[in-house]
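Okay, so here's the structure we're looking at.
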Amino acid sequence: MKFMNAKKLVLIGSVALASPAFADSNTDAIFGAIDLTTVAASVGGIGVLIVGITMVMKSISLAKRTVNKA
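With mature numbering (1 follows the signal peptide of the UniProt record, and there is no 0) applied, the sequence shown corresponds to residues -23 to -1, 1 to 47, in that order.
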């Protein structure tokens, strides 16, 4: 009997998850209000800044190593 209940539960769950939801929600309005071009530019700028900082720190360690070898 437990197996039959589990099969029914899986069937109902799969039907519920397979049906598309076309309802407009508040999250659609929120995500629609965000301008993704500025977000992409900001993320790109932060990425360039992080790479620049790591390159500077690596060059400092390379310079120290060169001075110590001399």
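For every residue, glycine included, the Cβ atom is placed at its ideal position computed from N, Cα and C.
Host alpha helix (DSSP H) of residue i (start-end)
{"i": "ASP5", "result": "3 to 10"}
Helix, strand or coil at residue i [DSSP, three-state]
{"i": "ALA47", "result": "coil"}
Spatial distance of residue i from residue j (CA atoms)
{"i": "ILE27", "j": "VAL16", "result": "16 Å"}
{"i": "LEU(-15)", "j": "THR4", "result": "29 Å"}
{"i": "MET34", "j": "ALA18", "result": "24 Å"}
{"i": "ILE30", "j": "ILE37", "result": "11 Å"}
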